[in-house]
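Chains as they are written, first to last, in our numbering: chain S, 1 to 302; chain Y, 1001 to 1302; chain A, 2001 to 2302; chain G, 3001 to 3302; chain F, 4001 to 4302; chain X, 5001 to 5302. Here the structure comes first, spelled out in structure tokens, and everything after it is commentary.
6 protein chains.
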Amino acid sequence: MKLGLLTAAFPSLSLAEVADWAAANGFEALEIASWPSAGAERRRYAGVCHVDVGALDVRAVREVLDSRGLTISSLAYYPNPLDPDPAVRAHAQAHLRKVIEAAARLEVNLVGTFIGRDQNKPLEPAFADVLESWPPLVKFAADHGVRIAIENCPMIFTDDEWPGGRNLAYSPALWRRLFEAMPGETLGLNLDPSHLVWQFIDILRVVRDFGSRIYHVHAKDLEINRDGLYENGVMSVGMGWQVPRMPGLGEVPWNRFIAGLIAAGYDGVVSVEHEDRAFEGDVELVKRGFLLARNTLRPLLV
Amino acid sequence: MKLGLLTAAFPSLSLAEVADWAAANGFEALEIASWPSAGAERRRYAGVCHVDVGALDVRAVREVLDSRGLTISSLAYYPNPLDPDPAVRAHAQAHLRKVIEAAARLEVNLVGTFIGRDQNKPLEPAFADVLESWPPLVKFAADHGVRIAIENCPMIFTDDEWPGGRNLAYSPALWRRLFEAMPGETLGLNLDPSHLVWQFIDILRVVRDFGSRIYHVHAKDLEINRDGLYENGVMSVGMGWQVPRMPGLGEVPWNRFIAGLIAAGYDGVVSVEHEDRAFEGDVELVKRGFLLARNTLRPLLV
Amino acid sequence: MKLGLLTAAFPSLSLAEVADWAAANGFEALEIASWPSAGAERRRYAGVCHVDVGALDVRAVREVLDSRGLTISSLAYYPNPLDPDPAVRAHAQAHLRKVIEAAARLEVNLVGTFIGRDQNKPLEPAFADVLESWPPLVKFAADHGVRIAIENCPMIFTDDEWPGGRNLAYSPALWRRLFEAMPGETLGLNLDPSHLVWQFIDILRVVRDFGSRIYHVHAKDLEINRDGLYENGVMSVGMGWQVPRMPGLGEVPWNRFIAGLIAAGYDGVVSVEHEDRAFEGDVELVKRGFLLARNTLRPLLV
Amino acid sequence: MKLGLLTAAFPSLSLAEVADWAAANGFEALEIASWPSAGAERRRYAGVCHVDVGALDVRAVREVLDSRGLTISSLAYYPNPLDPDPAVRAHAQAHLRKVIEAAARLEVNLVGTFIGRDQNKPLEPAFADVLESWPPLVKFAADHGVRIAIENCPMIFTDDEWPGGRNLAYSPALWRRLFEAMPGETLGLNLDPSHLVWQFIDILRVVRDFGSRIYHVHAKDLEINRDGLYENGVMSVGMGWQVPRMPGLGEVPWNRFIAGLIAAGYDGVVSVEHEDRAFEGDVELVKRGFLLARNTLRPLLV
Amino acid sequence: MKLGLLTAAFPSLSLAEVADWAAANGFEALEIASWPSAGAERRRYAGVCHVDVGALDVRAVREVLDSRGLTISSLAYYPNPLDPDPAVRAHAQAHLRKVIEAAARLEVNLVGTFIGRDQNKPLEPAFADVLESWPPLVKFAADHGVRIAIENCPMIFTDDEWPGGRNLAYSPALWRRLFEAMPGETLGLNLDPSHLVWQFIDILRVVRDFGSRIYHVHAKDLEINRDGLYENGVMSVGMGWQVPRMPGLGEVPWNRFIAGLIAAGYDGVVSVEHEDRAFEGDVELVKRGFLLARNTLRPLLV
Amino acid sequence: MKLGLLTAAFPSLSLAEVADWAAANGFEALEIASWPSAGAERRRYAGVCHVDVGALDVRAVREVLDSRGLTISSLAYYPNPLDPDPAVRAHAQAHLRKVIEAAARLEVNLVGTFIGRDQNKPLEPAFADVLESWPPLVKFAADHGVRIAIENCPMIFTDDEWPGGRNLAYSPALWRRLFEAMPGETLGLNLDPSHLVWQFIDILRVVRDFGSRIYHVHAKDLEINRDGLYENGVMSVGMGWQVPRMPGLGEVPWNRFIAGLIAAGYDGVVSVEHEDRAFEGDVELVKRGFLLARNTLRPLLV
């Protein structure tokens, strides 16, 4: 396994600047934020464009990476491809296709994204949406030789995302249904263990049960605010007691998690996703957050 | 404390028949189902009418109870008083007022119900609904010398109740806000510990923190299906892993719970609410379920 | 479910005497010890003959039970039908057939026994023995309309039973193989949760996974001597730290276990098996042990 | 084992009245409060005189007990025999001798008391006091054929008892030293498991390690107020978070505790000591507390 | 946050020698032992003088630090300012004032000390002492622009410190009273999580509840000797089962603790306090202890 | 303590090659595989010969080590010296004597081996074998000034080793008997904590109880496959749920384990034993496994 990072946490830096810092600080791979270069959504932790897939200069991108000894773990574009607004939905899917094409041209062959969800629909009609929209996307990716790693985030942290969250693919039962409905090797997981902590889902069993479907790994941690849990309970879903932290500061058992990945034969990138508010605000703080993550994970990634 | 039961589990028996059986089997109080005699909702565990508050014969009801040495713990009517359909909402509130009047006339002075919720609204607008509809209801009850015990059930067990559930009053944070918004002694809790189990909310702390607000107690247990929790996680809220059981068959620590109630000065009724599917189907099975509950609770209620 | 007891703990009493005491003390069923009337093995807790299947007087036996309002839960004969000594093995199988015939004639239709094991063979050759010897026995039982409940005891408590124990059917993996190898409804489990405690096997999951195969239940508890476990570890298998106790005195969670049985649809007998050395030595002590078990289980069996 | 109660919780009733109620409610033995009939200390739960050892009428006392089928488990006198005030100390020891004599004359042969402590002395000088004062008391008891059961209460619940508490015999290390310093069979424990809960001492290990020294058992439970523990920590010793409760309402594992006693061969009385403030104030409440304790313990004492 | 160390563990080295070693081994700050240069107490871990506040050469001290790129986290002087001996008490307070003055002159502006306690007084009179002696000290510090960080050690490890310990400020309840009695920003905590382990006080809740009052942090770990706890129980307070260890060798969850500090906005020094007897005896061993602490903490302090 | 490794994981490299790599990667000591140079057993992880004790060139071996700044922690030869086949047994003991002589000549003075066992014999006769064979071996070692460190592995991972395993010295009870039977300082433990995990034996208590007998330490970890444990239970001994892992990937609490060793005064080598199948197959993978182990242990070994 290699240690990487998701570039979205550095919206003010160029890809070359991110690559400079990452390579100098022990990271070996970048997961490159690939939102549209203009008009992207303004959601927290999103909308960053470190590779403009609409005007892709393959050679320039590869030069940035190669010259620093870095690889690209995947292109990252996490919109809601099933947004209730048809225009937003269409735009997201169209851009997702561009990202897939870019991944093929860059020979990365892996795109990280969300399955999305019309947050206003209950589970079954929301799932029906998936079955309508996603098979063509999967076929498109397969035709380009690109695999898609779906992140398992419920995408519900604020009232704006209530009630269903903007990403349906958050539980073992749903993954199983997705993989049955869209067989083949194209669709897999971008597994982020932090989302399992707040769902009270056994992380190690997920790694055992879905090992061969893990195409990418997000390293993020989660602290449960126990007073918040007492006050609000699990009915409040993602709001009130789930605190994203840098890896090593929360409840993910990183040694056992990495041990499980090794046993499952995973040999890809562990990509640090930075959403810890204690390490935000200026670039130096963001970097310190990444360093802490590196210090946690580096000893386990030999 | 006394041991009681909620009569709604015996829809096919008359009040007198329920009273006969209860008194003969060690119960001391009835929580009488008071849905409308006609046209009531057909929700599972609801719609039962053991006292017709539209045509109340106070003397007859009291005679049924007194002759068997039983008391009434409260009148029970659990609709959604904030139903999104204005007609349903108006009907529920109108009937609730009749139940309150009946409780006053019967000198029971306690009504158990739900705060309700427009299940389609997020928390804050749903809470605004409460603040609009409930103060007049609380005043009506206070004017009749009747207290209202709100059950803490999230009322979300099926897709029909998705996404918000039909009862907003499910967490300490929300109870606190409710009691602050509607001060006075009229509003309190009908505390059912089973709902706290599946919300991962500390039952004993609830008893300590809200002791003086506990006006009635529902004895119901909950078994967590651990495989279901793994498959679905807490995002699935009330669906997929929460199994209502008779008291003694689940994860509620009854001795510590009753100990807390004693310490909090609660001296009302512990009323068994029967929603265990393993003891349903015919009246004999239902009775066996109540007997198991009695065997669990009787030794603790001296 | 009914509460019963295994009569083998009363070797000095007649069946009528056992029935007298059991009926007078809240038991509803007997699991009748059916070892040969003469020449039986002298193993602790074995060799007792309360029904002489070699000279069966059906009417007399039924009269003893019926007159006291008791039923027979099963006939009990727990030898090693796969004893390494061919003579012992043949004798055990021959007598087992007689017990099966008796169960049919008595209309009990259930026999509790061990699958047995040549204790000196490793797992696979020992399992091969089972596949050779048991199909004819199963067919014999099926032909008589009798089901066989295999107890899940590893039968290794002393050096005499070392190294393999005298009963192969002790784990979920082995039960699964047995039921696959001998399909049909004849073979099931006589589930004793105490043996799962010392094997560190999740009791509640066993009930969920094998619910329909539970034909009979032994109520016995187990205390783990933690100092003994430290000294010897699990390599010492059944020797050194497993202390059989009356139900309620050990680590079996009886409420959750019975709750699981109810949910699984089990409606047979929970039969107390008495192997608690603290309640042995004279008949009065033995009876006190049974009373303690009754006090633990009776409230849960409604 | 038999179920008994300590009569001190009924200061306003006569011995005969206590005996009436106890016998009618399933108790089999009394631990009789034997403080001086006049001038006794006014400590909470102390100072009660149900047998006036200064004017003992053996026949009358036995008649009260025998006529109701009760036995005496021990005479109870729990002063501080090592009080820093020499007069108080002398008086306590003098009265203790009278209680011993009374126990001999009543053929009870067991006295429950405290070892006491000069609360102002650190451990070693306090222990030296014990070695000076107690050997003659032990000899006196032995000469009368009476055994002494020392309760393991630290006797520190208020500032008045600060800093050392008024009873030194509260831990395994101290019991061991006491029994080594005063060998023979006269001195043993009146084991109250509730005091071990708040000392975080393993109850079951105590039963295993000191089984033969358990001469009497107090059944009392303890609830740990977890908020109080957070606020004050264990430096506050007995003040701020230890809540005495009736057996069954706290953290003592009664089934495992009784199981341990059975295995240790204890066959004496389990005597309910009532110090639960939720069941005090009038005699009816006190009785309800005892009934709850009885309901908890009765099923385990066969 | 920066990594520092308390120089008191190097009594035989000069400040410059300590600074040399610390800077060369990854430490960024020193907490300088500031006991009187002569006549200081001879308590273990105390009495060391690395800055002679009675003859302070500001420029020389700063030169030692600056030249090695180190900062001073605080001046450390941990006497008992409320010693029962008036002379000792007066001397301690007088020297404390000198240390405060020195901290101001050195522009460190932080002094770490104990609140102290007359160990022979119960809590309330001991607290009254605090209220009498401390307001002038707090005012003195405030006048000099210096904050005081009170360490939360109960200071009771031997009979000499029995019964009350020599530092009253050991629990949340007491800190809360102290901060209410002496409002303003002068007084805060020098939080040492190891003392919370042996008081069974939730470390993470302390960080949440008192975050803004944490002015300095001591990194020390604690191992609970479970056999010692069984033998002695918590009545023995600090004696018999609490083993100070280097950070990483005990029960403090360092990642969660540091995570809490980050979330609380703490950005000061984490100063390793060395009291691990397994790493004492010669300077090399002491250094190895510090290195182990550094290896534990360094990855978390970015 | 020093960090070392057991060379047996590198059968294809020469001692010099192993030493090169170890020294360059932070290891300080080698535990040198000393099986016979020819005809050695072909068991997994065995049979490697990095020092040919039959043709020992002391100077050459020392040169390899000294030139790279490495020490030898012990010579490693783990056969079954009590093999049921007399020829195999004799050969093993003969070679063990040669290894002992070599250890003396190399001035290592420590040999790691198994006590062995005739796996077909029950405990007591197997123990009798030990008492017959081992005293002369111990005497031989003592005469050469060499200590013997017995590894605590039960040596039962396959049916071939069933039923007793090939090494009797796996539990505290057995070590105690061994040390009593063969007093003196020659015999001690080569403690591998991973074997204690799967025996459910408290690792930290072992370190406390046997500290002075720990002559060498193997660093290996163990993951318990919880599904495998459910399926097979502990009756399956070493087969079906115990997964050897590199240190840091399993359930051994390395910080507490090393803390215990430090407190016990152990100052020898912690030697990584590599049996993690996820890091096998080619030399690079094997090295990565060792690096992960180093990263786990290095920070704790100062």
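Glycine is no exception: its CB is placed at the ideal position from the N, C-alpha and C atoms.
Identify the residues that DSSP records as bridge partners of Q2242 of chain A: which are they?
-> A:I2224.
Distance, V4302 of chain F Cα to Y4266 of chain F Cα | 13 angstroms
Segment contact flag, the region 185-200 of chain S with the region 150-160 of chain S, C-beta cutoff 8 angstroms, min 3 pairs = yes
Identify every residue that forms a DSSP beta bridge with P3049 of chain G.
-> For clarity, residue 3049 of chain G is Cys in the given sequence; the question names Pro instead. Note: C3049 of chain G sits in a beta bridge opposite G:S3034.
Please report the residue range of the beta strand (DSSP E) in which K2 of chain S lies.
-> 2-6
Between G2004 of chain A and V2269 of chain A, which are expected to be in contact by the criterion C-beta below 8 angstroms, what is the C-beta distance as a whole number of angstroms?
-> 4 angstroms
CA-CA distance, T296 of chain S and T4186 of chain F?
-> 36 angstroms
Using only alpha-carbon positions, find the residue among X:G5260, X:G5281, X:L5189, X:T5113 that is nearest to W4279 of chain F.
-> First, the amino acid is wrong: residue 4279 of chain F is Phe here, not Trp. Checked all of X:G5260, X:G5281, X:L5189, X:T5113; the closest Cα to F4279 of chain F is X:G5260.
Assigned secondary structure, N190 of chain S (DSSP; H/G/I helix, E/B strand, else coil) = strand
What residues from chain X crowd round P2244 of chain A, counting only those whose CB sits closer than 8 angstroms?
-> Near P2244 of chain A there are no residues of chain X at all, since even the closest Cβ is about 16 angstroms away, more than 8 angstroms.
When Cβ atoms are compared, which residues of the region 1235-1260 of chain Y fall closer than 9 angstroms to chain A?
-> V1243, R1245, M1246, G1248, L1249, G1250, E1251
According to the Cβ coordinates, are Q4119 of chain F and G4188 of chain F closer than 8 angstroms?
-> no
Using a Cβ cut-off of 7 angstroms, which residues of the region 109-122 of chain S contact any Cβ in chain Y, in chain order?
-> P122
Closest by C-alpha distance to V5146 of chain X, when choosing among X:Y5215, X:R5166, X:S5133, X:T5158 = X:Y5215
Which residues in the same chain have their Cβ closer than 6 angstroms to the Cβ of H95 of chain S, if we skip the five residues on either side of it in sequence?
-> Counting only Cβ-Cβ distances below 6 angstroms, and skipping sequence neighbours, we find P36.
Closer than 8 angstroms, CB to CB, is E1231 of chain Y near chain B or not?
-> Among the protein chains of the structure shown, namely S, Y, A, G, F and X, there is no chain B.
Are any of the Cβ atoms in chain F nearer than 8 angstroms to that of L5 of chain S?
-> So, not an interface residue.
Pull out every residue of the region 187-216 of chain S whose Cβ sits closer than 8 angstroms to any Cβ of chain Y, in chain order.
-> L196, W198, Q199, F200, I201, D202, R205
Status (buried if at least 16 other CB within 10 Å, exposed otherwise) for G2240 of chain A | Buried: at least 16 other Cβ atoms inside 10 Å.
According to DSSP, what are the bridge partners of T4113 of chain F?
-> F:I4150
Measuring CA to CA, which of A:W2162, A:W2021, A:G2250 is closest to I3262 of chain G?
-> Of the listed residues, the one whose Cα sits closest to I3262 of chain G is A:G2250.
Exposed or buried, what is D4221 of chain F when buried is set at 16 or more other beta-carbons lying within 10 Å of its beta-carbon?
-> buried
What do you get for S4067 of chain F, buried or exposed, if any count of 16 or more other CB atoms within 10 angstroms of its CB means buried?
-> exposed
Do you know offhand how far D3143 of chain G's Cα is from L2291 of chain A's?
-> 40 angstroms
Ignore the nearest five residues each way along the sequence and tell me which others in D129 of chain S's own chain have a CB closer than 6 angstroms to its CB.
-> Closer than 6 angstroms at the Cβ level, and outside the excluded window around D129 of chain S, lie L82, D118.
Under 9 angstroms (Cβ pairs) to chain Y, residues found in the region 2025-2040 of chain A = none
What separation, rounded to the nearest whole angstrom, lies between the Cα atoms of R1298 of chain Y and A1126 of chain Y?
-> 39 angstroms
Within its chain, find whatever has a CB closer than 6 angstroms to the CB of V5053 of chain X; leave out the 5 residues flanking it on each side and keep chain order.
-> Contacts found: S5034, K5098, V5099, A5102.
Coil, strand or helix - I2214 of chain A by DSSP = strand
Can you pull the DSSP bridge partners for L1075 of chain Y?
-> Y:I1032, Y:V1111
Nearest to A4104 of chain F (by Cα), restricted to the options F:E4063, F:L4131, F:L4056, F:H4091 | F:L4056
Cα-Cα separation, A1019 of chain Y to D1085 of chain Y | Going by the C-alpha atoms only, they are around 36 angstroms apart.
With burial defined as no fewer than 16 other Cβ atoms inside 10 Å of the residue's Cβ, what is the status of T158 of chain S: buried or exposed?
-> exposed
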